[in-house]
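**Q**
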Amino acid sequence: MKRADSANSYSKRYNGGRAMEKVLDYIRKNGMLKEGDRVIAGVSGGADSICLLFLLDRYREALGISVEVVHMEHGIRGKESLEDAAFVENFCRERKIPCHVFHRDVPSLARKWKCSEEEAGRRARYEAFEEICEKYGGTKIAVAHNRNDQAETLLFHLVRGSGLSGLSGIRPVRGKIIRPLLCLTREEIEGFLKEEGISFRTDASNLETDYARNRIRLNILPLLREELNPRTCEHLAETAERLALAEDYLEAQAEEAVKKLAGRRKGRTEDGSMELLLERKGFLEEPEALKAYVLRHCLRELAPENALYNVSAIHLAAITELAGKQSGRSLDLPGEVRAYTEGVFLVFKKGKKASGRKEEEKPDTAEELEIPGSVRYGKYRFAASVFPYKSEIIPENRYTKWFDYDTIKSTVQIRPRRSGDFLTVTASGGRKTLKKYLIDEKIPAGERDRLCLLADGSHILWVVGHRISEAYKVTEKTSRVLKVQVMED
């Protein structure tokens with residue numbers, strides 16, 4: 029109690045103390061820190077992270093914590109990036125705060141990990157945080173997201189069609205990651221630093237509109253503030269916080285529902301697979317708002333968390349539909365999980381040997397791909413959508429592919445192979461017959477007639493489960509992208 033009183037009195041007499049007091053109250057309200065915590069702070073040198081470090085340092089003694097810094101130099105902005113690192117090191121040296129600088133070639137990591145530079149940078153930073161935590165006994169990781177970031181995240185997820193989980197935004201505490209500045213707007217942070225005479229670095233890339241989040245920050249939010257409501261950011265952030273409460277409630281309800289519907293029916297089968305049985309009738313009687321949460325909870329019991337990133341709303345809708353079907357129907361899911369119906373149960377089975385009924389043969393007919401929309405074809409469901417291309421890096425995914433929509437010349441069909449089928453296999457336009465491609469890829473003869481193809485006439489866009497044609501790949505000249513996702517029905 030004495031420490032808290034000391035911190036309060038300091039913030040009240042200190043110039044700009046209102047911001048400091050808000051942060052301290054927010055730390056307490058969310059149980060972010062306790063005495064003895066070793067905090068690893070991510071500091072880029074920008075206004076937000078410098079403010080975070082300044083406040084943690086000021087409250088270090090009062091809260092009974094220790095602070096160390098991690099700075100990631102991303103290898104993107106040359107001299108400017110190195111100057112950022114030097115600035116952070118000097119800022120820490122003046123305050124006797126241990127500082128660990130990491131140098132990473134983020135563009136190379138993005139290519140290696142097949143993701144955007146933004147995502148590669150985030151992943152590299154968190155790997156560095158974990159390394160320092162393990163080496164020096166870090167108990168908390170502090171990052172500098174603010175209230176504007178919360179608003180931007182809500183808008184970003186809203187226009188991308190996220191569910192409640194995405195709309196609930198950035199959490200103040202998630203595991204050992206804490207975000208003490210979520211209570212302050214960017215304007216409050218910069219005003220506080222100016223008032224205190226604290227300098228910081230400005231990343232020029234934050235002023236570019238190449239990234240979707242930057243466009244929201246620089247173009248969309250200012251327009252909403254000017255034209256509709258000057259407190260747009262605050263209201264959006266408050267909405268995200270209310271949605272987070274709803275999300276937490278649904279998660280808790282789902283956990284109780286799984287306990288009721290699955291009970292102890294989880295364990296390892298004779299073939300070594302993990303299995304969870306859910307009562308179908310009870311599941312189908314649950315409120316619609318709860319069903320997706322129940323399914324995610326079941327999948328979380330069996331599959332690693334990173335596999336759940338590939339579970340979409342389409343997957344969850346397909347599982348719900350499956351639960352109402354006759355016994356013996358099945359559906360393959362990310363993370364080597366198969367869902368199938370067996371008597372009164374919906375069964376989730378994890379493992380390479382996981383299996384339900386015998387797979388159906390695919391029909392010999394052709395089916396037109398609905399764009400946008402979804403269509404069943406044999407044991408598959410194809411979901412298609414079209415969106416403007418903004419130069420994002422196209423990820424690698426075996427059962428989701430992206431095509432240059434404007435290069436497609438006729439109706440896209442889903443069908444088996446036919447005589448005369450071919451693929452474009454080189455960027456210069458070199459072609460190969462489908463038959464030769466299948467032979468070269470050593471695809472067994474018995475499997476070739478069962479392959480499912482996406483075709484533009486005789487030109488094959490995609491051999492499902494294998495490669496796509498070079499002629500339809502997304503390039504810098506692409507203006508519209510066709511996304512096709514395939515799952516077993």
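Basically this note's numbering = 1-based index in the sequence shown + 28. Even for Gly, the Cβ is constructed at its ideal location relative to N, Cα and C.
With a cut-off of 8 Å on the beta carbons, I'd call T452 and A483 a contact; round off their distance for me.
**A** Incorrect: roughly 13 Å between the Cβ atoms, too far for contact.
**Q** Given a threshold of 16 other Cβ atoms within 10 Å of its Cβ, counted over all protein chains shown, does K107 qualify as buried or as exposed?
**A** exposed
**Q** By Cβ distance, which residues of its chain are closer than 8 Å to C143, with the 5 residues on each side in sequence left out?
**A** Within the same chain, Cβ atoms closer than 8 Å to the Cβ of C143 are found at R151, I421 and P423, the five residues on either side in sequence being excluded.
**Q** Quick one: Cα of E283 to Cα of S301, how far?
**A** 23 Å
**Q** Report all residues from its chain with a CB closer than 7 Å to the CB of A113; omit the five preceding and five following residues, and keep chain order.
**A** H99, E101 and V129
**Q** Where does Y417 sit, in a helix, a strand or coil, going by DSSP?
**A** For Y417, the secondary structure class from DSSP, reduced to helix, strand or coil, is coil.
**Q** Taking Cβ to Cβ, would you say A346 is nearer than 8 Å to R308?
**A** no
**Q** Which residue spans inside the stretch 164-237 form an unbroken alpha helix (DSSP H) run of at least 4?
**A** At a cut-off of 4 residues, the continuous stretches assigned as alpha helix (DSSP H) that sit fully inside the stretch 164-237 are 175-187, 192-195 and 214-224.
**Q** Quick check: I198 and D177, are their CB atoms within less than 8 Å of each other?
**A** yes
**Q** Below 8 Å between beta carbons: does that hold for R241 and E180?
**A** For the pair R241 and E180, the CB atoms are nearer than the 8 Å cut-off.
**Q** Across the stretch 461-468 and the stretch 426-443, are there enough close Cβ pairs to call them in contact, namely three or more that are closer than 8 Å?
**A** no
**Q** Please classify R521 as buried or exposed, where buried requires at least 16 neighbouring CB atoms within 10 angstroms.
**A** Here the chain covers residues 29 to 517 and nothing more, so residue 521 does not appear.
**Q** DSSP three-state call for E364: helix, strand or coil?
**A** coil
**Q** Helix, strand or coil, according to DSSP, for A483 in the structure here?
**A** strand
**Q** Taking Cβ positions, are F410 and S402 nearer each other than 8 Å?
**A** yes
**Q** Excluding five sequence neighbours on each side, which residues of the same chain lie with their C-beta closer than 6 Å to the C-beta of R459?
**A** Result list for R459: F450 and T452, in chain order.
**Q** If distances are taken between C-alpha atoms only, which option among L183, A69, L209 and R426 comes closest to E158?
**A** A69
**Q** G310 to A290, Cα distance in whole Å?
**A** Rounded to whole angstroms, G310 to A290 spans 10 Å at the Cα level.
**Q** As a quick exercise: from N247, R426 and D85, pick the residue whose alpha carbon is nearest that of A170.
**A** The residue with the shortest Cα to Cα distance from A170 is D85.
**Q** Distance check for I93 and S227, CA to CA, integer angstroms please.
**A** 24 Å
**Q** Which two residues bound the contiguous alpha helix (DSSP H) that contains E279?
**A** Looking at the DSSP string, the run of the alpha helix (DSSP H) that includes E279 is T260 to A290.
**Q** DSSP puts A69 in a beta bridge; with which residues?
**A** V97 and A170
**Q** In the DSSP output, what is V440 paired with across the bridge?
**A** D484
**Q** E63 lies in the alpha helix (DSSP H); which residues open and close that run?
**A** Unbroken run through E63: none, as it is neither H nor E.
**Q** Among the residues of its own chain, which have a CB less than 6 Å from the CB of I55, if the five just before and after it don't count?
**A** L61 and P208
**Q** Could you give the distance in angstroms between the alpha-carbon of C211 and the alpha-carbon of D133?
**A** Straight-line Cα distance between these residues: approximately 33 Å.
**Q** Would you mind working out which of S456, N425 and E504 sits nearest W490, comparing C-alpha positions?
**A** N425
**Q** Rounded to the nearest angstrom, how far is the Cβ of E96 from that of G194, given a contact under 8 Å?
**A** In fact, because the Cβ distance is near 32 Å, the residues do not count as touching under 8 Å.
**Q** Since T348 is in the alpha helix (DSSP H), which residue starts that stretch and which ends it?
**A** Unbroken alpha helix (DSSP H) run through T348: A341 to A351.
**Q** State the Cα-Cα distance for the pair E146 and E275, rounded to the nearest angstrom.
**A** In a straight line, the C-alpha of E146 is about 27 Å away from that of E275.
**Q** I'd like the span of the alpha helix (DSSP H) that includes C143, first residue to last.
**A** Here C143 belongs to no alpha helix (DSSP H), and DSSP marks it neither H nor E.
**Q** Only counting the same chain, and skipping five residues up and downstream in sequence, which positions put a Cβ closer than 8 Å to that of Q281?
**A** L318 and Y321
**Q** Please name the residue, chosen from T213, E224, R270 and I217, that lies closest to L249 on a Cα-to-Cα basis.
**A** T213
**Q** Assuming E424 is part of the alpha helix (DSSP H), what are its boundary residues?
**A** Run containing E424: none; DSSP gives neither H nor E here.
**Q** What does DSSP give as the partner residue(s) for T452 in the beta ladder?
**A** R459
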